[in-house]
Every structure is written in structure tokens, then in C-alpha cells.
Amino acid sequence: MSDDCSADNGTTRTGLRIGSIFIILVTSLIGTCLPIFLRSSSFVPRWAFEFAKFFGSGVIIATAFIHLLAPAFDELGSECLSGTWTEYDWAPAFAMLAVYCIFFAEVAAYRIGSAKLAKLNIQYNTSGPHDEFHTHPSNIHEHSTSPQNVKINSPRVEKNLDVENGLSTETSSESDTVNQMASKSEAVAQLIAVAVLEFGVILHSIIIGLTLAVNDQFTILFIVIIFHQMFEGLGLGSRLSALILPRSVAWSRYAAAVLYSICTPIGVAVGLGVRESYNGNGIAANITSGILDALSAGILLYTGLVELLGHEILFNPRMMKSSNLRLTYIFVCILLGSGLMALLGRWA
Ligand SMILES: [Zn+2]
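Each residue of the sequence shown is one higher than the last, beginning at 396 in this note's numbering.
Structure representation (C-alpha cells):
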């Protein structure tokens with residue numbers, strides 16, 4: 396990176412830069428869609444799914460620290476900026492702001508959701524005899540606000556898989572209503588959580604696309620970004636595949652995968668279009684990408700540390716009771732994801 400504040404963009408290898416749009420699109424789609432395609436197939440062993448899932452958790456955490464927070468410090472600490480920007484370290488402040496926004500939103504969603512479900516439960520209890528099986532507001536709620544907490548082998552999920560496959564064995568119309576409400580609110584909450592995750596990775600994807608289009612070091616950056624997008628796609632895809640969705644909105648998994656996959660290609664295309672005038676080191680570009688990177692860093696830090704490490708492992712009794720071997724395997728997967736993504740941070 397050049398230290399001056401003027402545009403200094405690469406104009407060589409235009410053909411390959413255009414070709415990179417399609418190559419990155421395809422490799423991102425492969426990385427993101429693979430876990431979704433394979434989720435329902437029985438020939439993929441459990442360890443492979445766990446690998447994708449926890450490797451993905453590692454990728455998300457490293458993305459927050461290495462690919463978002465570090466550049467946010469760089470951009471908001473740029474020598475091109477002046478005034479207030481130079482008097483304070485804004486990057487961690489924006490990241491902290493994002494953490495609290497996500498936290499408050501989650502608390503609000505939890506409270507509104509539990510109030511709704513509690514109401515339903517009372518109505519059901521007054522007339523229904525087998526409430527124990529059907530309505531567990533706290534249990535339902537745990538899943539509806541922490542979708543990543545969903546376990547393939549939990550009874551709650553099996554029940555929902557039945558709903559998704561249209562194999563529901565419910566007979567009472569009232570319990571159906573409760574079930575529908577619960578699965579509907581779960582689906583909505585899960586979609587929101589993945590949308591938040593997606594938002595965090597999307598901005599970075601666009602920015603590295605822009606960088607690839609205008610950067611002098613094209614070849615090395617191109618190779619790195621292919622892996623970058625595949626790893627991150629794997630992380631996002633394993634989250635998308637873990638979503639328990641009603642059949643009617645099952646397509647949203649693929650919509651989210653496609654949305655993620657087109658971001659870097661769009662960034663490259665835009666970068667190629669405006670490369671004569673685009674100045675990645677200008678004041679406006681520094682402030683915009685710095686703030687967005689810092690906010691995304693906060694979002695992914697919260698998701699990675701609270702949802703993926705906290706809820707999924709530490710506060711998950713099933714996980715904490717599993718064998719040392721399994722936990723070691725999971726730690727290795729997480730560290731591998733974080734390590735590889737941190738290594739890629741050397742270039743992109
Ligand atoms: Zn990156």
C-alpha cells in the first residue's frame with residue numbers, strides 16, 4: 396500500500412481482472428453451497444459436517460479480528476485524515492457500538508418472543524392435556540434467539556425437521572397452531588441471525604473485490620481472494636445448512652449463498668469501472684470503509700464469541716459432556732479455520 400493519498404491504481408492484466416469476476420463467483424458458490432447441498436445426504440459422515448461447522452466458526456472469528464478490525468484501525472488512522480479522526484481511535488469505538496446494538500436487539504427479540512410464546516402456552520394449558528410435549532416456551536425460545544445453537548441430534552430439531560418434511564404427526568389443531576407459531580418465530584429469528592452474519596461478511600467481500608480490481612499486486616491477491624472467499628463461504632454455508640427452516644422458505648438458504656457469492660464479483664466489476672477515478676486511499680473511502688469495517692468487526696466478534704463459542708460449546712451441556720477426543724477435534728477445526736484465515740490476512 397502506498398502512503399500517499401492520491402490514486403495509484405493498477406491498469407495491467409485487464410483481461411484476467413475481468414475473468415476473475417467469474418472465477419471468484421464460481422469458487423465462492425462452490426464453498427457456500429457445498430455444505431447446503433450435502434446437508435440432507437446420508438453419506439456425508441458427521442465428522443465432516445462438524446469440520447465444516449467449526450472450521451467456519453474459526454473463519455468468522457479470524458475475519459472479525461484480522462480482516463475487519465485491523466483494517467478499520469488502518470483506515471481510520473490514515474494520514475490522509477485530519478481533525479477529530481486523528482484525535483481518537485475510532486475503530487474500537489465503532490466495533491463496541493456494533494456489539495451493543497446486536498446485544499440489545501437480541502435481548503429485545505428474546506423478550507418479545509417469550510412474551511408471545513408465554514401467552515400461547517397459557518391458552519394452551521387451559522384446554523390441552525399434553526402440554527408437556529408440545530410447549531416449552533423457554534426451550535423454544537433458546538433456539539429461536541440463538542439459532543446457531545441448534546443441534547442435529549436435539550429432540551427439538553428432530554421435531555422441526557419433521558415439520559419441514561411435512562411429516563408432522565401432530566393431531567390436535569391447537570398444538571398445531573402452537574407448533575406453527577413456534578417454528579415460524581424460530582425461522583424468522585434464525586433468518587435474522589444469519590442475515591446479521593451475512594451483513595458482516597458482505598461488506599468485506601465487496602471491499603476486497605474493489606481492491607482486487609485496482610491493485611497493482613494482482614496475481615497474488617487473486618489467488619488469496621479465491622481461498623478467502625471459499626473459506627468464508629464454507630463458514631457461511633455451514634451456518635446456512637444448519638438453519639431449520641419451514642419448507643416454504645427453504646430457498647432462502649440458496650438466496651443467501653448467492654447474495655454472498657456475487658459481492659466480490661460486484662466489487663471487482665465496480666472497481667474496474669471506476670478504476671481511473673477510484674481512490675481507495677482517499678479521505679471519503681478511508682472513512683466509509685473504516686467505519687463499515689469496524690461495525691462489521693463488532694458484529695462478527697459478537698456472533699463468533701457469544702453465539703459460536705459461548706452458546707454452541709461452553710453453555711451447551713451436550714457439547715460439554717462429550718468426550719475429550721471430540722472436543723479436541725472441534726478445537727483443532729476452530730484453530731485451523733482461524734489460523735488459515737489469519738494467514739490470508741497477510742495479503743487480503
Ligand atoms: Zn480479508
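C-beta: ideal position from N, C-alpha, C; glycine also.
Item, Value
"First and last residue of the uninterrupted alpha helix (DSSP H) at K716", "Taken as a continuous stretch (DSSP letters only), K716 belongs to no alpha helix (DSSP H), as it is neither H nor E."
"Three-pair Cβ contact test at 8 angstroms for the region 643-651 versus the region 705-720", "no"
"Under the three-state DSSP convention, the category D469 falls into", "helix"
"Alpha carbon of E527 to alpha carbon of L687, nearest angstrom", "In this prediction, E527 has a pLDDT of 32, which is less than 50 and means its spatial position is unreliable; what the coordinates show is noted afterwards. Each residue's alpha carbon lies about 46 angstroms from the other."
"Assigned exposure category for G675 - 16 Cβ within 10 Å defines buried", "buried"
"Straight-line Cα distance separating P487 from L464", "8 angstroms"
"Supposed close pair L695, A459 - CB separation, criterion 8 angstroms", "4 angstroms"
"A743 CB to nearest heavy atom of ligand 3 below 7 angstroms", "Within the structure as shown, ligand 3 is missing, the only ligands being ligand 1."
"Proximity test, H740 beta-carbon vs ligand 1 heavy atom, cut-off 7 angstroms", "Checking the displayed sequence, the identity of residue 740 turns out to be Gly instead of His. It does: the Cβ of G740 is within 7 angstroms (strictly closer) of some heavy atom of ligand 1."
"I603 CB to nearest heavy atom of ligand 1 below 7 angstroms", "yes"
"Where H525 falls: helix, strand or coil (DSSP)", "Because H525 sits at a pLDDT of 36, beneath the cut-off of 50, its placement in the model cannot be relied upon, and the following sentence gives the value as read from the coordinates. Coil, per DSSP."
"Straight-line Cα distance separating G414 from L598", "22 angstroms"
"H706 CB to nearest heavy atom of ligand 1 below 7 angstroms", "no"
"Cβ neighbour criterion (16 or more within 10 Å) applied to L738", "exposed"
"Simplified DSSP state of V619, which is helix, strand or coil", "helix"
"Neighbourhood of T698 by C-beta distance below 6 angstroms, restricted to the same chain and skipping five residues each side", "L592"
"R634, buried or exposed, once every other Cβ within 10 Å from all chains shown has been counted against 16", "buried"
"Neighbourhood of T479 by C-beta distance below 8 angstroms, restricted to the same chain and skipping five residues each side", "none"
"Cβ-Cβ separation, G426 to F617 (assumed contact under 8 angstroms), whole Å", "Not a contact, Cβ separation roughly 16 angstroms."
"Distance between beta carbons of I419 and V663, contact taken as under 8 angstroms", "7 angstroms"
"G632 beta carbon less than 8 angstroms from that of H462", "no"
"Contact check, I587 vs L607, beta carbons under 8 angstroms", "no"
"L638 and V589 closer than 8 angstroms at C-beta", "yes"
"Pair within 8 angstroms by beta-carbon distance, L690 and A493", "yes"
"Beta-carbon spacing of G628, Y649 below 8 angstroms", "no"
"Contact set for A652: own chain, Cβ-Cβ below 8 angstroms, skip 5 residues either direction", "L424, T427, C428, I431, G628, L631, G632 and L635"
"Check whether A467 and G685 have beta carbons under 8 angstroms apart", "yes"
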